[in-house]
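Report on one structure; see the data block that follows.
There are 2 protein chains.
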Amino acid sequence: MSTLEPIAYADRGTALTGWLARPAGMPRAAILVWPTIANVSGAIERRAAALAEAGYLAFIGDFYGEPVADFAASFPLAAALRADVDHYRARLMAGLAAMRALPGVAGLPAAAIGYCMGGQAVLELARQGADLAFVASFHGVFETDRPADPDGPHKPRVLVLHGDADPLAPREKVLALWEELDAAGYPWHFHSYGGVKHGFTDPGSDGRGLEALGYDASADRQSWAALLSFADEVFG
Amino acid sequence: MSTLEPIAYADRGTALTGWLARPAGMPRAAILVWPTIANVSGAIERRAAALAEAGYLAFIGDFYGEPVADFAASFPLAAALRADVDHYRARLMAGLAAMRALPGVAGLPAAAIGYCMGGQAVLELARQGADLAFVASFHGVFETDRPADPDGPHKPRVLVLHGDADPLAPREKVLALWEELDAAGYPWHFHSYGGVKHGFTDPGSDGRGLEALGYDASADRQSWAALLSFADEVFG
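Taken in sequence, the protein lines are chains D and Y. The opening residue of the first sequence carries number 308 in this note's numbering; numbering runs sequentially from there. The opening residue of the second sequence carries number 308 in this note's numbering; numbering runs sequentially from there.
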């Protein structure tokens, strides 16, 4: 596994720390990675390392700029971050800008992936027309305070990897997302896994004592394969 | 490309012709392929050949046992075949039995894939509890005269590759399929491609002059990659 390198950056005065994984050779593209509501973790670091092994430069963004003591402690931090959509989106764009400012990244095509709240974060980047070839959401949530912009400067392709038994994103919200993306003219692929819960990519999900969460080995494997195949298509 | 070999078989007195593609080495598994409503075609033969190149024995089933003069001529043949669900399902099981009777196939694990009406056909095989590790439907239709059997002898995994703009399988039928499979306890993965029409895997779809049909290179590529990744997981 690659060793991740901490990268200091800032958003309007808030000091943040990203984590960088570089591939052995010239990167095929740069991929911004947004973690779960609990911010960076071993599970997310392993995804960034796996992207580097697949030839991508991966950069994990920082939601809060402060340590998250435990899972419960992340909720008030997330509520504060997301209370204002402009504040939330500026924080996400700061992560993208920090990645683009890294040596050798300016000329690379880029994408963003995210997990749980990070899945929402990448949809927010797409909704505001960030300059990304695609975004991919793993067990993300679909709510937004500002739907996708039909007149945005870019319309990233949207890949959603979703557990159908995820109570944070029930079927009516799935349909609402499809309608939102269609109305705004964003191309999308949506993979739904029957009986699969929130957090299906994280082997730690089963131990958190929450009914909404569950690891699923097949959904984990197939969603990761789908991401790599999608990236192969987009980045050649 | 492999050269396909015609295989004579029968269903209750009707002479049928399957088409066999063998891999170079020992097959990883046997995959039954159901064609579109127009029965076997070059597009379907190429899929069987591609499966053989990926290490699988592939066998294309025969819906009608008679030549289909053109696309329009297939509709009365399909209507007659599907008028009675037992007749339809017996025809599908005869194809599976013919594949299993081939030399060297009896001990192999098996799956079934299908396109358009063939996508429905593989769902019908799953619904009646055929002994298959999985079925995969490409732009299939979801109607059935007999929903999936919760007490069937087998519950194949179900992979559906679907165009969201397919007027033959609109969103309400997507939801109905999810409910049907959940109610019967079948595990499923469902991939929906935004803005993608019926027949998205067939480059010939655009030339048929039908609004419902359209080729989509990305959905074609990603659905095939999904099939191979799913088969890798199931067959090891």
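For glycine and all other residues, C-beta sits at the position ideal for the given N, C-alpha and C.
For Thr-343 (chain D), list the residues DSSP reports as bridge partners. According to the DSSP secondary-structure assignment, Thr-343 (chain D) is paired through a beta bridge with no residue.
Run of the beta strand (DSSP E) containing Ser-499 (chain Y), from where it starts to where it stops: Here the beta strand (DSSP E) through Ser-499 (chain Y) covers 495-500.
Cβ pair count under 8 Å reaching 3, the segment 492-509 of chain Y against the segment 472-481 of chain Y: The segment 492-509 of chain Y is in contact with the segment 472-481 of chain Y.
Going by the beta-carbon positions, is the gap between Gly-437 (chain Y) and Pro-410 (chain Y) smaller than 8 Å? The sequence given here places Ala at residue 437 (chain Y); Gly does not occur at that position. Cβ distance not < 8 Å, so Ala-437 (chain Y) and Pro-410 (chain Y) don't count as in contact.
Three-pair Cβ contact test at 8 Å for the segment 480-497 of chain Y versus the segment 443-458 of chain Y: Judged by Cβ distances under 8 Å, the segment 480-497 of chain Y makes contact with the segment 443-458 of chain Y, as three or more pairs qualify.
Using 8 Å as the limit for Cβ to Cβ distance, is Gly-521 (chain Y) near chain D? With 8 Å as the cut-off, Gly-521 (chain Y) does not count as an interface residue toward chain D.
Three-state secondary structure (DSSP) at Ser-525 (chain D)? Assignment of Ser-525 (chain D) by DSSP, reduced to helix, strand and coil, places it in the helix class.
Exposed or buried, Trp-495 (chain D), counting other C-beta atoms within 10 Å across all chains shown (16 or more means buried)? Residue burial annotation: Trp-495 (chain D) is buried, with at least 16 other C-beta atoms found within 10 angstroms of its C-beta.
Note down the Cα distance separating Ala-385 (chain Y) from Asp-527 (chain Y), rounded to an integer number of angstroms. As the crow flies, the alpha-carbon of Ala-385 (chain Y) is around 25 Å from that of Asp-527 (chain Y).
Can you tell me where the alpha helix (DSSP H) with Asp-393 (chain Y) in it begins and where it stops? Here the alpha helix (DSSP H) through Asp-393 (chain Y) covers 392-407.
What does DSSP give as the partner residues of Leu-520 (chain Y) in its beta bridges? Bridge partners of Leu-520 (chain Y): Y:His-505.
Run the CB neighbour count on His-446 (chain D), radius 10 Å, all protein chains shown included, and call it buried at 16 or more, exposed below. Residue burial is scored here from C-beta neighbours: His-446 (chain D) has at least 16 other C-beta atoms within 10 angstroms and is therefore classed as buried.
Hey, is Ala-317 (chain Y) close to the ligand FMN, as in C-beta under 7 Å from one of its heavy atoms? Ligands are entirely absent from the displayed structure, and the ligand FMN is therefore not among its contents.
Which residues mark the beginning and the end of the beta strand (DSSP E) in which Gly-470 (chain D) is found? That run of the beta strand (DSSP E) goes 464-470.
Excluding sequence positions up to five away, which residues of its chain have a Cβ less than 7 Å from the Cβ of Arg-434 (chain D)? Counting only residues of its own chain and dropping the five nearest sequence neighbours on each side, Arg-434 (chain D) has a CB closer than 7 Å to the CB of Thr-451, Arg-453, Pro-454, Ala-455, Asp-456.
Cα-Cα separation, Gly-421 (chain D) to Ala-350 (chain Y): Straight-line Cα distance between these residues: approximately 37 Å.
Sort out for me which residues DSSP pairs Tyr-316 (chain D) with in a bridge. Tyr-316 (chain D) has D:Leu-323 as its beta-bridge partners, per DSSP.
Assuming Pro-342 (chain Y) and Ile-367 (chain Y) make a contact with CB atoms under 8 Å, what is their CB distance in whole Å? Pro-342 (chain Y) to Ile-367 (chain Y), Cβ: 6 Å. Contact.
State yes or no: is the beta carbon of His-505 (chain Y) nearer than 8 Å to at least one beta carbon in chain D? Judged by the 8 Å Cβ criterion, His-505 (chain Y) is not in contact with chain D.
Short of 7 Å Cβ to Cβ, which residues in the segment 487-500 of chain D face chain Y? Result list: Leu-488, Asp-489, Pro-494, Trp-495, His-496, Phe-497, His-498, Ser-499, Tyr-500.
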